[in-house]
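A.B. asks:
2 protein chains.
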Amino acid sequence: MSFDFTLDTTSGAARAARFDTPHGVVETPAFMAVGTLATVKALDPRDLRAMHAQMILANAYHLHLRPGDELVRELGGLHEFMQWDGPILTDSGGFQVFSLEGLRTIDEDGVDFRSHLDGSKRRFTPESVMRIERNLGADVIMQFDHVIPGQSNETDAREASERSIRWLIRCEAEFRRLGNVERGTGNRSSELLAATSDGQLASVPSFPFPVPAQALFPIVQGGIHANLRREAGRAITSSGDWLGYGIGGLSVGESKPDMYAMLDVVHEELPQDRPRYLMGVGFPEDLVESVRRGVDLFDCVAPTRMGRNGTAFTSDGRVNVRRAELRADPGPLDETCECTTCTRFSRAYLRHLFVADEILGLRLLSLHNVHFLVALMRRARAAILDGSFDAWSRDWLARYHSRPTPVP
Amino acid sequence: MSFDFTLDTTSGAARAARFDTPHGVVETPAFMAVGTLATVKALDPRDLRAMHAQMILANAYHLHLRPGDELVRELGGLHEFMQWDGPILTDSGGFQVFSLEGLRTIDEDGVDFRSHLDGSKRRFTPESVMRIERNLGADVIMQFDHVIPGQSNETDAREASERSIRWLIRCEAEFRRLGNVERGTGNRSSELLAATSDGQLASVPSFPFPVPAQALFPIVQGGIHANLRREAGRAITSSGDWLGYGIGGLSVGESKPDMYAMLDVVHEELPQDRPRYLMGVGFPEDLVESVRRGVDLFDCVAPTRMGRNGTAFTSDGRVNVRRAELRADPGPLDETCECTTCTRFSRAYLRHLFVADEILGLRLLSLHNVHFLVALMRRARAAILDGSFDAWSRDWLARYHSRPTPVP
Chain F
2 MSFDFTLDTT SGAARAARFD TPHGVVETPA FMAVGTLATV KALDPRDLRA
52 MHAQMILANA YHLHLRPGDE LVRELGGLHE FMQWDGPILT DSGGFQVFSL
102 EGLRTIDEDG VDFRSHLDGS KRRFTPESVM RIERNLGADV IMQFDHVIPG
152 QSNETDAREA SERSIRWLIR CEAEFRRLGN VERGTGNRSS ELLAATSDGQ
202 LASVPSFPFP VPAQALFPIV QGGIHANLRR EAGRAITSSG DWLGYGIGGL
252 SVGESKPDMY AMLDVVHEEL PQDRPRYLMG VGFPEDLVES VRRGVDLFDC
302 VAPTRMGRNG TAFTSDGRVN VRRAELRADP GPLDETCECT TCTRFSRAYL
352 RHLFVADEIL GLRLLSLHNV HFLVALMRRA RAAILDGSFD AWSRDWLARY
402 HSRPTPVP
Chain X
2 MSFDFTLDTT SGAARAARFD TPHGVVETPA FMAVGTLATV KALDPRDLRA
52 MHAQMILANA YHLHLRPGDE LVRELGGLHE FMQWDGPILT DSGGFQVFSL
102 EGLRTIDEDG VDFRSHLDGS KRRFTPESVM RIERNLGADV IMQFDHVIPG
152 QSNETDAREA SERSIRWLIR CEAEFRRLGN VERGTGNRSS ELLAATSDGQ
202 LASVPSFPFP VPAQALFPIV QGGIHANLRR EAGRAITSSG DWLGYGIGGL
252 SVGESKPDMY AMLDVVHEEL PQDRPRYLMG VGFPEDLVES VRRGVDLFDC
302 VAPTRMGRNG TAFTSDGRVN VRRAELRADP GPLDETCECT TCTRFSRAYL
352 RHLFVADEIL GLRLLSLHNV HFLVALMRRA RAAILDGSFD AWSRDWLARY
402 HSRPTPVP
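Chain order of the listed sequences is F and X. Add 1 to a position in the first sequence, counting from 1, and you land on the number used in the numbering used here. Add 1 to a position in the second sequence, counting from 1, and you land on the number used in the numbering used here.
The structure is reproduced here in structure tokens:
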């Protein structure tokens, strides 16, 4: 069995667990760094390994456009291509496609859109996205879903959520047809679908390498409407014995209380013995709040994007390293941080790198920020395991919020 | 004794030697990576250590402007600031100041110029540059010299060369006054000068850290005029027992035969038992040709600048990794290269990174190119030591020149 999820212990809704994948185990809660285009921006895979990052992300939409998922397959799959031998998860590209406002048209079968790179016409269906994600060869692949803005009304949210569930069934059928027969799902309705949506069977590609088993994760949608989230959770869990669950459509413009309320609802609907992945979240405080509500896995571009912009997470809030006050500051970004940026370089040096537009600055801050979230989840896990999570998380949040602009 | 230079063996004019500095030994011939602003662009000091780079460069002009040499001193000196514990050499900034065509005026005392960053008025004299280089705290510091274009006529070249020698004497007096008393030089005329050129003694700064001994290197100028190079070599060697010699004003627009002819002249004039550093050179073929003519140390921005532009050195000539032919190429940049780029990543992946404007591409190609030159000099040294240098260097040059555009 390639995939397994074992709960170590819980603390309220918070969970410490181990998620086994074909490329190794992920101790949860865990933050996954985002490598959209088969590289975590500004970092080397060895940097990620050195900071004990466990699982990383890539993106089906972006890699389909560039360099092409078939090329990645030809070159041995994503693990070989980007030289990361740990677990990988690919997002389906639903979020990207539906973000192309004005460049895409949606129908029940799929989405026509134009590439953001060259304007070329493209079409994604649940089936074509499964083939793309199969070509990329990540351990966990996300279903193609209908993503809507965070503040959508109930009618729009219901339409998108129910379509996403119909698309899930089609994803799963194609997923099985492509050869993912090992307990990838236990979907009971998949045999109903024998062909792709356009009535033709796409050829199953041959691979120049042994393709490990993949796990297909459904995505729970429903906007900020508790009843929709509940309905989606029930429909998805009753449609199959999924190996894990994505929670989508959050951290996209809604309020924090709304997001946390949705997590509480979803927590009640999803099985305890499967990992929950909160997509696109986030900031340190969001991670801690969400672990308190039963989430196991996270991803977000924030640590690398903010790192490239010169903003660092610290235990006392965010710091912009370009600030003049840091000019002669000999201390590390964060005294409690054990990353290779903080254990070597001064704030003054980091400021100098950013003021002088030096590439090393982008790397060192991205490295620190990703390490910060990876280590934060490691710390949360330790607290769950030793029974101190509730107190630890309250203390951590209080300190983080107390000094948004630390004295240098 | 902090500095020493021990010849291991020679092969014709080529030399294998060990250059001892306060921060460790440099086995020569050696290529020094350039860290103009206290960072070798796109690389981490650990990358340099991992590839066994021995000594690196920084630049007094650039660091004086940003972040300021006094700040670097306050923060513990260049080694501490940039977290490189190996030997460092600082160039004086002569090349940069004299490159500011239209923004500088030269007189016998020094150069008035405007900062390329903000247009602010500045003045460099031999004395002020020594204070800057003392603040930075590199192991080897270069004299402030008058640099001219590569094709300058004999009159201009003579004026600049003779002025550089007068400035050397002033550099050395200030260098001693600042406390570099340990066999930094054996200059016989330095006691003649007790004050800075403006008649005032600058205060000797105190340092917040133990300042290791520094070695001041003179720079042999003379353009492409053999008689001027010979005169400069003789004047400089007769002015003191210098710990090493820079060879400047080459690879600045003159022809390759002219450059090689100047190296032959300088080789005859400089003492055998001191290192020779050919400034700003260069390309792989230039390094091999120059080792054949008795040069020990090199520096150049080419490997990192070309790396950022997507061009890689290989044993078969240069390769632009953006080329369409590399799209699906699973092989390494250079099959014979042992760098961490070539031992991990395919040409196809590197092409993808550059096409997608990913920062990791800049890093991986810069890393490969610097490694290429560092390893090339290590290979040259091994060949000198085992007596095969003449044959090896001829074979290497023949292969490198035979296929400037290798079949992918």
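Glycine included, every Cβ here is placed at the ideal spot set by N, Cα and C.
#1: Select from the segment 337 to 354 of chain F all residues with a C-beta closer than 7 Å to any C-beta belonging to chain X, and list them in chain order.
#2: Would the beta-carbon of Ile-360/X fall within 9 Å of that of Arg-309/F?
#3: Return the bridge partner residues of Gln-315/F from the DSSP annotation.
#4: So, helix, strand or coil for Cys-301/F, using DSSP?
#5: Run through DSSP, which three-state label would Thr-11/X get?
#6: Please name the residue, chosen from His-147/F, Asp-330/F, Thr-156/F, Ala-383/F, that lies closest to Glu-75/X on a Cα-to-Cα basis.
#7: Label Leu-118/F either buried or exposed according to how many other C-beta atoms from any shown protein chain fall within 10 Å of its C-beta, with 16 as the threshold for buried.
#8: Does the Cβ of Gln-273/X have 16 or more other Cβ atoms within 10 Å, making it buried, or fewer, making it exposed?
#9: Between Ala-161/X and Gln-222/X, what straight-line distance do the alpha-carbon atoms span, to the nearest angstrom?
#10: Taking contact to mean at least 3 C-beta pairs separated by less than 8 Å, is the segment 307 to 322 of chain F in contact with the segment 361 to 372 of chain F?
#11: Am I right that Met-33/F and Leu-8/F are in contact with their C-beta atoms under 8 Å? What's the rounded C-beta distance?
#12: Taking 8 Å as the cut-off, does the segment 36 to 56 of chain F touch the segment 108 to 128 of chain F (at least 3 CB pairs, one atom from each stretch)?
#13: Pull up the distance between the alpha-carbon of Ser-249/F and that of Arg-164/F, whole angstroms please.
#14: Whose C-beta lies closer than 6 Å to the C-beta of Asp-199/F among residues of the same chain, with five residues either side of it excluded?
#15: Are the C-beta atoms of Leu-44/F and some chain X residue less than 9 Å apart?
#16: Am I right that Arg-285/X and Leu-374/X are in contact with their C-beta atoms under 8 Å? What's the rounded C-beta distance?
#17: Any Cβ of chain F within less than 9 Å of the Cβ of Glu-102/X?
#18: Indicate the three-state DSSP secondary structure (helix, strand or coil) for Leu-351/F in the structure shown.
#19: Take Asp-5/X as the anchor and find which of Val-27/X, Leu-179/X, Leu-66/X, Ala-227/X has the nearest alpha-carbon.
#20: Determine the direct distance from the alpha carbon of Ser-316/F to that of Trp-397/F, and round the result to whole angstroms.
#21: Could you spell out where the alpha helix (DSSP H) holding Arg-400/X opens and where it closes?
#22: Between which two residues does the alpha helix (DSSP H) carrying Met-260/F extend?
#23: What does the alpha-carbon distance come out to for the pair Thr-29/X and Asp-146/X?
#24: State whether the segment 64 to 73 of chain X contacts the segment 342 to 359 of chain F, with contact taken as three or more CB pairs (one from each stretch) at a distance under 8 Å.
#25: If you follow the alpha helix (DSSP H) that Leu-169/X is in, where does it begin and where does it stop?
#26: How is the alpha helix (DSSP H) around Ile-133/F delimited, first residue to last?
#27: Strictly under 9 Å for the Cβ-Cβ distance: is Leu-194/F near chain X by that measure?
#28: Using a Cβ-Cβ cut-off of 9 Å, state whether Gln-97/X counts as contacting chain F.
#29: For the segment 8 to 95 of chain F, list the beta strand (DSSP E) runs that are entirely contained and at least 3 residues long, ordered along the chain.
#30: Does the CB of Thr-186/X have a neighbour CB from chain F at under 9 Å?
#31: Which same chain residues, not among the five before or five after Leu-90/F, have their C-beta less than 6 Å away from its C-beta?
#32: Quick one, are the C-beta atoms of Met-143/F and Leu-64/F less than 9 Å apart?
#33: To the nearest angstrom, report how far apart Phe-176/F and Glu-336/F are at their CA atoms.
#34: Would you identify the three-state DSSP class for Gly-281/X, choosing helix, strand or coil?
#35: Taking buried to mean at least 16 other C-beta atoms within 10 Å of its own C-beta, is Glu-128/X buried or exposed?
#36: Where do the ends of the alpha helix (DSSP H) carrying Ala-325/X lie?
C.D. replies: Answer, in terms of the structure:
#1: Residues Arg-345, Phe-346, Ser-347, Ala-349, Tyr-350, His-353, Leu-354.
#2: Within the second sequence, numbered from 1, the residue matching residue 360/X stands at position 359. Within the first sequence, numbered from 1, the residue matching residue 309/F stands at position 308. The Cβ atoms of Ile-360/X and Arg-309/F lie closer than 9 Å to each other.
#3: Translated into the one-based positions of the first sequence, residue 315/F becomes position 314. According to the sequence shown, residue 315/F is Thr rather than Gln. Partner(s): Gly-318/F.
#4: Locating residue 301/F in the first sequence gives position 300, where the first residue counts as 1. Here Cys-301/F sits in strand by DSSP.
#5: In the second sequence, counting from the first residue as 1, residue 11/X sits at position 10. Looking at Thr-11/X - three-state DSSP - the assignment turns out to be strand.
#6: The residue you call residue 75/X lines up with position 74 of the second sequence. Selected option, being the one with the closest Cα: Asp-330/F.
#7: By one-based count along the first sequence, residue 118/F stands at place 117. When all chains shown are included, Leu-118/F counts as exposed.
#8: The residue given as residue 273/X occupies position 272 in the second sequence. Burial call: exposed.
#9: Stepping through the second sequence from its first residue, residue 161/X is reached at position 160. Stepping through the second sequence from its first residue, residue 222/X is reached at position 221. The alpha-carbon atoms of Ala-161/X and Gln-222/X are separated by roughly 8 Å.
#10: The segment 307 to 322 of chain F makes contact with the segment 361 to 372 of chain F; the number of CB pairs closer than 8 Å reaches 3 or more.
#11: Along the first sequence, read from residue 1 onward, the residue named residue 33/F stands at position 32. Along the first sequence, read from residue 1 onward, the residue named residue 8/F stands at position 7. Between Leu-8/F and Met-33/F the Cβ distance is about 19 Å, and since that is not below 8 Å, they are no contact.
#12: Below 8 Å, too few C-beta pairs join the segment 108 to 128 of chain F and the segment 36 to 56 of chain F to call them touching: fewer than three.
#13: Within the first sequence, the letter at position 248 stands for residue 249/F. Within the first sequence, the letter at position 163 stands for residue 164/F. According to the sequence as given, residue 249/F is Gly; it is not Ser. In this structure, the CA atom of Gly-249/F is about 14 Å from the CA atom of Arg-164/F.
#14: Here residue 199/F corresponds to residue number 198 of the first sequence, with the count starting at 1. In this prediction, Asp-199/F scores a pLDDT of 46, lower than 50, which makes its location untrustworthy; the coordinate-derived value is nonetheless stated afterwards. So the list is empty, once near-sequence residues are dropped.
#15: As a first step, residue 44/F is located in the first sequence; it is residue number 43 there, counting from the start. Taking a beta-carbon distance threshold of 9 Å, Leu-44/F counts as an interface residue toward chain X.
#16: For the purposes of this step, residue 285/X is identified with residue 284 of the second sequence, where counting begins at 1. For the purposes of this step, residue 374/X is identified with residue 373 of the second sequence, where counting begins at 1. Before going further, note that residue 285/X is Pro rather than Arg in the sequence given. Rounded, the Cβ-Cβ distance is 6 Å, consistent with contact.
#17: Residue numbering aside, residue 102/X sits at position 101 when the second sequence is read from its first letter. By this cut-off, Glu-102/X is not an interface position.
#18: Looking up residue 351/F in the first sequence gives position 350. In the structure shown, the three-state DSSP call for Leu-351/F is helix.
#19: By 1-based counting over the second sequence, the position of residue 5/X is 4. For the set Val-27/X, Leu-179/X, Leu-66/X, Ala-227/X, the Cα lying nearest the Cα of Asp-5/X is the one of Val-27/X.
#20: As a position in the first sequence, residue 397/F is number 396, starting the count at 1. As a position in the first sequence, residue 316/F is number 315, starting the count at 1. So the two alpha carbons sit approximately 8 Å from each other.
#21: Taking the first residue of the second sequence as position 1, residue 400/X is located at position 399. Boundaries of the alpha helix (DSSP H) around Arg-400/X: 390 to 403.
#22: One-based indexing of the first sequence puts residue 260/F at position 259. Looking at the DSSP string, the run of the alpha helix (DSSP H) that includes Met-260/F is 257 to 270.
#23: On the second sequence, residue 29/X is found 28 positions in, with the first residue counted as 1. On the second sequence, residue 146/X is found 145 positions in, with the first residue counted as 1. Thr-29/X and Asp-146/X: Cα-Cα distance of roughly 25 Å.
#24: As far as the Cβ criterion goes, the segment 64 to 73 of chain X touches the segment 342 to 359 of chain F, which means the pair count is three or higher.
#25: Residue mapping note: residue 169/X aligns to position 168 of the second sequence, counting from 1. First-last of the alpha helix (DSSP H) with Leu-169/X: 155 to 178.
#26: Counting from 1 along the first sequence, the entry for residue 133/F is found at position 132. First-last of the alpha helix (DSSP H) with Ile-133/F: 127 to 137.
#27: The residue labelled residue 194/F in the question sits at position 193 within the first sequence. In this prediction, Leu-194/F scores a pLDDT of 33, lower than 50, which makes its location untrustworthy; the coordinate-derived value is nonetheless stated afterwards. No, no contact with chain X.
#28: For the purposes of this step, residue 97/X is identified with residue 96 of the second sequence, where counting begins at 1. In terms of beta-carbon proximity, Gln-97/X stays away from the interface with chain F, with every pair separated by 9 Å or more.
#29: If we require 3 residues or more, the beta strand (DSSP E) runs fully inside the segment 8 to 95 of chain F come out as 15 to 22, 25 to 29, 31 to 35, 57 to 60, 89 to 92.
#30: The residue you call residue 186/X lines up with position 185 of the second sequence. Note that Thr-186/X scores 43 on pLDDT, short of 50, meaning its location in the model is unreliable and no value can be drawn from it.
#31: As a position in the first sequence, residue 90/F is number 89, starting the count at 1. Once the five neighbours on either side are set aside, the close Cβ partners of Leu-90/F are Leu-58, Ala-139, Val-141.
#32: Residue 143/F sits at position 142 when you count from the first residue of the first sequence. Residue 64/F sits at position 63 when you count from the first residue of the first sequence. No.
#33: On the first sequence, position 175 is the one that residue 176/F refers to. On the first sequence, position 335 is the one that residue 336/F refers to. For Phe-176/F and Glu-336/F, the distance between alpha carbons rounds to 47 Å.
#34: Along the second sequence, one-based indexing puts residue 281/X at 280. Here Gly-281/X sits in coil by DSSP.
#35: Within the second sequence, residue 128/X is the residue found at index 127, counting from 1. Counting Cβ neighbours within 10 Å, Glu-128/X comes out buried, since at least 16 surround it.
#36: As a first step, residue 325/X is located in the second sequence; it is residue number 324 there, counting from the start. Counting along the chain, Ala-325/X falls outside any alpha helix (DSSP H), and DSSP gives it neither H nor E.
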